[in-house]
Amino acid sequence: MLGDSLKLVNNILGIKDIAAFSPQIQLLIWGIAILLLSVFVKDKKSRMNISFYFSLLGVFFSGWSYIKLLRLEGIYDGEGIKFFNGIFKLDGITIFFYGIFLLAGLLTILLSKRFLEEESTFESEYYSLLLLSIMAMMCMAGSNDLIGIYISLEFMSISIYVLVGYLRKQLRSTEGAIKYFILGAFSSGLLLFGMSFIYGMGGTTNLTQLFRILTGGKSAISEPLLVLSMLLILAGMGFKVAAVPFHMWCPDAYEGAPTPITAFMSVAPKAAGFVIFIRLFFSLFKTITYEYVSVLALLSIITMTVGNVIAVKQTNIKRLLAYSSISHAGFILMGLLARNEFALKSIGMYILCYLFMNIGAFAIVIVMRRKNIIGEELDDYKGLIHTHPVMASFMTVFLLSLAGIPPTAGFVAKYFVFSTVIKEFLKSGDRLLLYVAVVGAINAVIALYYYFRIVKRMFMGEPTKESEEKVAVNFYSGLSIGIAFFFTLFIGVYAEPFIRFADLIGNSFRSLF
Amino acid sequence: MSLYNFLYLSSIIFTLGVIGVLVRRNVLIVLMSIELMLNAVNLNLIVFSKLWGNVVGQVFTVFVITVAAAETAVGLAIVVAIYRHKDTVNIDEVNILKW
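In order, the protein sequence lines correspond to chains A and B. Those letters in the first sequence? Residues 1 to 513, per our numbering, in order. Those letters in the second sequence? Residues 514 to 612, per our numbering, in order.
Written out as structure tokens, the structure is:
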């Protein structure tokens, strides 16, 4: 009797399943350890330092478990391995995005130390919530069940609502948080309503089974209802990745949040949103391709255009980068139009390149914060090449990359996305895809204009008296900028190993079904 | 009582919630409207669970209720922080960030 029940428990929650979760468990343990630390270490200064090292250790150990997971058999053969009764799936997509989230987390933690010292506010929750949100995103990447997707999505969002409002003494941080919170909660309501209809049509929440039922050609599946639930889920996820017209929270939350969190938010939750896009839209809505392509093409076109056009008028650099990140979301949505292996690969490649260049650009903004200057207005960058030549040239490379100029990572990213759309156009002959590519190309030019407004100020402007004050770059933020800079150039010059890394996600296309 | 009656009801509740979020300006009422949306979802899930004769939908409902509670807790904390700054819970008056 006892043996039977033990066996049952072992079947449901085997040691194998725990092993699959080891990167998340590491992050959870260190995140809680940081919280407990605030009880034992009373001195603020040392608590700040210890929490910082603890969070680095957390990411380090999690990365170590991640590397051990890479050697697990059966991940790469297309199907992936299922854990926890099929709720969680470990395949190329999961593995790829684990890497993205850990890298984004590492760079953000490295950047946070100096920022927190400069702002002189510190609560232990900062690092703890950062680790927990990375953990939630990792769970999201592997979720193969509507319930799992919803829980991890909310876990991530709630952690980030708090992080946005972290500087609670400043009104703009709190204001960013309340706007992000209300629209975030609203969007998860929409998402859930769509999910409830999917469950109603399929009778299960497991994505693999749902795919079989929804595309099995049964007459019981009503097409209008399927389209309705697709639209609801698209709206819900559109909020999370900040696609126009669901982008209203984005610039406010980005401007209000502490800058390292802005850097983190512009990359990691967006990437996590796109994993859900991939998991849901590539498989479940296979039967309504026409509706899917037209809605997504429209969304992609207006996201790119509105993001870029509003960015032209911005004078605050965080807001400018926020609108630029909206337009980048439009480019990634472009990759989602074709639902094949190459499209998956191009999305992976875009997110990988975007991670380095965007965090790099925000890192410079963080470093530019000095005693007398906040360093967020465009005019603070006047004549930067005379006062801080290294910073100015690094910033130029990041901006060139964001604009997509050849010897940088941004070019490789854009190349893959555009070729996905053109290839799909040649295959299916759908004119809409061609229009999307043309609008994308026009937008790349508009983007060039506002990125070069910053470059022009840095190179041609005269430095003001205040901006002569030297920037103190500490070792950790220097390391973070160095990593971002190195990869931004390296991917642009020699993309081969990274394309092979992105093949991981392309090859597991079959595991989506 | 057919299945459709329940679905009509949940759709009406959901729509009322959406209108509430878009129209009302008091943060607390906006939070209540979001709760209304989530409850429409719960009703939907339970109806479908009954229809299919499995418990997955009800399990989902329990998770939705739990997460909604956690979310509201965080939301109210942010509202308190706003109130300390501005002495108001009206979101139209919280507007230093524009465009």
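Positions of the beta carbon are idealized from the N, C-alpha and C atoms, including for glycine.
For residue 90(A), no alpha helix (DSSP H) segment is defined; the enclosing uninterrupted segment is the beta strand (DSSP E) at 88-90. Look at the beta carbons and you see the segment 315-325 of chain A not touching the segment 275-286 of chain A: under three pairs across the two are nearer than 8 Å. Collapsing the DSSP output to three states places residue 539(B) in a strand. In summary, the residues of the segment 180-193 of chain A whose CB is separated from some CB of chain B by less than 7 Å are 181, 182, 185, 186, 189, 192 and 193, in the order they occur in the chain. Comparing alpha-carbon positions, the option among 441(A), 169(A) and 403(A) lying closest to residue 593(B) turns out to be 169(A).
Scanning its chain for C-beta atoms nearer than 8 Å, with the 5 sequence neighbours on each side dropped, one finds around residue 492(A) the residues 401, 406, 407, 408, 409, 410, 411 and 412, in chain order. For the segment 598-611 of chain B, residues whose beta-carbon sits nearer than 9 Å to a beta-carbon of chain A comprise 598, 599, 604, 607, 608, 609, 610 and 611. If you look at residue 332(A), you'll find it in the alpha helix (DSSP H) that goes 317-335.
Residue 81(A) is bridged by DSSP to 90(A). Judged by pairs of C-beta atoms under 8 Å, the segment 127-141 of chain A touches the segment 100-112 of chain A, as three or more such pairs exist.
Note on the segment 219-306 of chain A: whole alpha helix (DSSP H) runs with a minimum of 4 residues are 223-241, 249-256 and 259-281, in chain order. For the segment 432-456 of chain A, the set of residues with a beta-carbon nearer than 9 Å to any beta-carbon of chain B is empty. Contact between residue 93(A) and residue 275(A) holds, since their C-beta atoms are separated by about 7 Å, short of 8 Å. In this structure the segment 50-60 of chain A does not lie against the segment 163-177 of chain A, because fewer than three pairs of beta carbons, one per stretch, are closer than 8 Å. Considering only beta carbons, the part of the segment 225-254 of chain A lying closer than 7 Å to chain B consists of 252, in chain order. Look at the segment 436-494 of chain A and you find these whole runs of alpha helix (DSSP H), each 4 residues long or longer: 475-493. Pairing residue 180(A) with residue 253(A), the inter-Cα distance amounts to about 6 Å. Against chain B, the CB of residue 171(A) has a partner CB under 7 Å away; the residue lies at that interface. Counting of Cβ neighbours within 10 angstroms places residue 64(A) among the exposed residues, the total staying below 16.
Assignment of residue 145(A) by DSSP, reduced to helix, strand and coil, places it in the strand class.
Within chain A, the residues whose beta carbon sits less than 8 Å from that of residue 551(B) are 189 and 192, listed in sequence order.
No Cβ-Cβ contact shorter than 7 Å links residue 502(A) with residue 368(A). With 16 or more other Cβ atoms inside 10 Å of its own Cβ, residue 547(B) counts as buried. Linking residue 375(A) to residue 37(A) through their CA atoms gives a straight-line distance of about 33 Å. Judged by their CB atoms, residue 70(A) and residue 80(A) are not nearer to each other than the 7 Å cut-off. For a Cβ distance threshold of 7 Å, residue set 196 and 199 of chain A lies close to residue 558(B), ordered along the chain.
Of 557(B), 581(B) and 590(B), the smallest CA-CA separation from residue 203(A) is found for 557(B). In this structure residue 342(A) is in contact with residue 506(A), their Cβ atoms being roughly 7 Å apart against a cut-off of 8 Å.
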